[in-house]
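Student: Below are the structure tokens for one structure; questions will follow.
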Amino acid sequence: MDVSKNERGRAGQSSGGWCGEGSGAGRLAAWLFAPLLAFGLAACTGEPATEPVAHVVEVPGGVVEVPGDEVEVPSTEAPTTVAPFAGQAAAEDAAEHGAEPSTGDLDRSIVEAPIVEAPPTPAVEPDPAVRYERLATVGASASGGFGLRSEVGRDVALADLIRAAAPDSFGEVRDLADAMFFLMPDQNLDEALAELRDYEPDVIVGADLLFWFGYGGKSMELRLPHVRQALARLDTLLEESDAILLLGDFPDVRDATPLMMPKRYEPDDETLAALNAEVRGWIEARPRAHLVPLAAFLDDLKAGRSIELRGETVDTSDATVWLQGDRLHPTLAGTAALALMTLQTLERTAPLEGTVRWDPIAVADRVRRKPERASDE
1 MDVSKNERGR
11 AGQSSGGWCG
21 EGSGAGRLAA
31 WLFAPLLAFG
41 LAACTGEPAT
51 EPVAHVVEVP
61 GGVVEVPGDE
71 VEVPSTEAPT
81 TVAPFAGQAA
91 AEDAAEHGAE
101 PSTGDLDRSI
111 VEAPIVEAPP
121 TPAVEPDPAV
131 RYERLATVGA
141 SASGGFGLRS
151 EVGRDVALAD
161 LIRAAAPDSF
171 GEVRDLADAM
181 FFLMPDQNLD
191 EALAELRDYE
201 PDVIVGADLL
211 FWFGYGGKSM
221 ELRLPHVRQA
231 LARLDTLLEE
241 SDAILLLGDF
251 PDVRDATPLM
261 MPKRYEPDDE
271 TLAALNAEVR
281 GWIEARPRAH
291 LVPLAAFLDD
301 LKAGRSIELR
311 GETVDTSDAT
321 VWLQGDRLHP
331 TLAGTAALAL
341 MTLQTLERTA
351 PLEGTVRWDP
361 IAVADRVRRK
371 PERASDE
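If you read the sequence shown in full-length UniProt numbering, its first letter stands for residue 1, the second for the next number, and so on.
This is the structure:
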């Protein structure tokens with residue numbers, strides 16, 4: 001017959017429960033506490049028990065314990081009184097004689113037991129800061145600094161903003177980007193990969209490397225296969241090196257000026273979503289590849305939403321500070337923000353050695369005032 005949890009509990013109580021006949025817990029309690037709890041032994045075994053009560057007698061030079069009369073404890077299922085145990089009786093008897101009671105061996109072991117302190121929790125060591133020997137940027141017009149000469153008065157690229165933001169984090173920063181990448185994406189990618197193999201960088205930044213494989217003058221049906229072919233070539237590069245790859249996804253720039261972005265160059269909504277799903281899934285499957293969220297970055301700039309850089313909020317409410325008039329290419333400040341977004345992605349793998357300037361306006365001003373060209377050889 002099945003018995004519910006509550007019924008089993010009540011049955012246990014009626015048969016003695018914890019101290020019922022044959023109870024393992026009762027036998028354990030009797031074994032452990034027999035010198036102290038005579039009544040507990042009686043209750044658990046069901047047999048009358050006796051307990052000698054010690055008396056303390058004064059003698060010259062101190063006190064001694066002597067056996068006293070035995071106190072019989074009757075067995076009962078519902079006792080209403082508790083007989084004094086040995087230590088209690090000795091204490092009461094000693095109090096009547098004005099002497100300090102003597103403690104038994106068990107009492108002394110409790111009193112004299114050493115206090116064991118838990119070992120201190122070891123401090124968690126932070127990940128060591130990393131200084132990379134070589135960083136290379138590859139990609140298209142945003143990485144190549146398209147339009148920045150008119151703002152700064154000289155050629156400036158994404159690599160220069162990375163160097164200005166983190167001058168002590170890299171031994172060398174090399175600019176391998178090509179502002180004319182869109183003319184021949186496949187050939188330019190092959191050339192960039194060959195340069196990367198020769199240079200052997202520790203970090204590869206390809207924020208807009210894939211852009212013209214998803215955009216450009218081709219049918220919708222060819223856009224996704226074209227991106228997959230480019231990713232396959234990047235797979236080969238990763239297999240041949242230990243480099244970290246920081247790769248951007250596909251931003252929505254379909255509101256750019258038609259001169260820069262003709263309608264026939266634009267993917268539709270479904271294709272754009274498929275392109276981003278492809279590149280993000282590819283990155284997630286490769287431990288040394290990390291996403292530079294270019295799509296979300298440009299969306300925030302265009303909408304005037306603040307962006308977060310290393311926990312600091314950057315006000316981007318005035319889009320003209322961050323984007324050129326074509327609404328496609330970043331300004332100097334926008335390129336600085338992209339550089340910091342890239343470094344923030346890299347820092348998720350390990351902290352960067354040295355001081356990083358996380359203020360894009362300050363980084364842009366530094367480049368504007370003090371030329372600090374990255375190597376392009």
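Just so it is clear, CB atoms sit at the ideal spot from N, CA and C, and this is done for glycine as well. All values reported here derive from a predicted model rather than from experimental measurement.
Would the segment 201-215 count as touching the segment 178-191 if we require 3 or more Cβ pairs under 8 Å?
Tutor: yes
Student: Could you give the uninterrupted runs of the alpha helix (DSSP H) lying entirely in the segment 149-231, keeping only those of 4 residues or more?
Tutor: 158-165, 185-199, 211-214
Student: Could you tell me the alpha carbon to alpha carbon distance between S141 and D208, rounded to whole angstroms?
Tutor: 8 Å
Student: Can you check which of these residues, S143, A232, E347, Q229, is closest to L294 by C-alpha distance?
Tutor: S143
Student: Spatial neighbours of R223 within its chain, please: C-beta separation below 6 Å, excluding the five flanking residues on both sides.
Tutor: G214, P267, T271
Student: From which residue to which residue does the beta strand (DSSP E) around residue 414 run?
Tutor: In this structure the chain extends from 1 to 377, so residue 414 is not present and cannot be described.
Student: Please state whether the Cβ-Cβ distance between A164 and G139 is less than 7 Å.
Tutor: no
Student: Specify the secondary structure class of P360 as computed by DSSP and reduced to three states.
Tutor: Three-state result, P360: helix.
Student: Does the beta-carbon of A337 have 16 or more other beta-carbons within 10 angstroms, so that it is buried, or is it exposed?
Tutor: A337 is buried by the Cβ-count criterion.
Student: Is it right to say Q187 is buried, meaning 16 or more other beta carbons lie within 10 angstroms of its own, or is it exposed?
Tutor: exposed
Student: Verify whether the separation of the beta carbon atoms of L161 and T137 is less than 7 Å.
Tutor: no
Student: Kindly indicate which residue of G325, G147, R154, L148 has the alpha-carbon position closest to the one of P258.
Tutor: G325
Student: Could you give the residue range of the beta strand (DSSP E) that holds A289?
Tutor: 289-292
Student: Following the continuous alpha helix (DSSP H) through G144, name the residue where it begins and the one where it ends.
Tutor: 141-144
Student: Put E353 into one of helix, strand or coil per three-state DSSP.
Tutor: coil
Student: Using the beta-carbon count (16 or more within 10 Å), is M220 buried or exposed?
Tutor: exposed
Student: Would you call the segment 285-305 and the segment 246-256 touching, i.e. three or more CB-CB distances under 8 Å?
Tutor: yes
Student: Going by Cα to Cα distance, which pick from P185, L196, D175 is closest to V227?
Tutor: P185
Student: Going by the CB atoms, is the gap between V130 and T342 shorter than 7 Å?
Tutor: no
Student: Taking Cβ positions, are L135 and L332 nearer each other than 7 Å?
Tutor: Not a contact, by the Cβ cut-off of 7 Å.
Student: For R288, collect the residues of the same chain with a Cβ closer than 8 Å to its Cβ; drop the 5 residues on either side in sequence, then sort them by chain order.
Tutor: L238, D242, A243, I244, L245.
Student: So who's on the other strand from V314, going by DSSP bridges?
Tutor: I307
Student: Just checking my contact of L323 with G334 at CB under 8 Å: how many whole Å lie between their CB atoms?
Tutor: Rounded, the Cβ-Cβ distance is 6 Å, consistent with contact.
Student: Determine the DSSP secondary structure at T236, reduced to helix, strand or coil.
Tutor: helix
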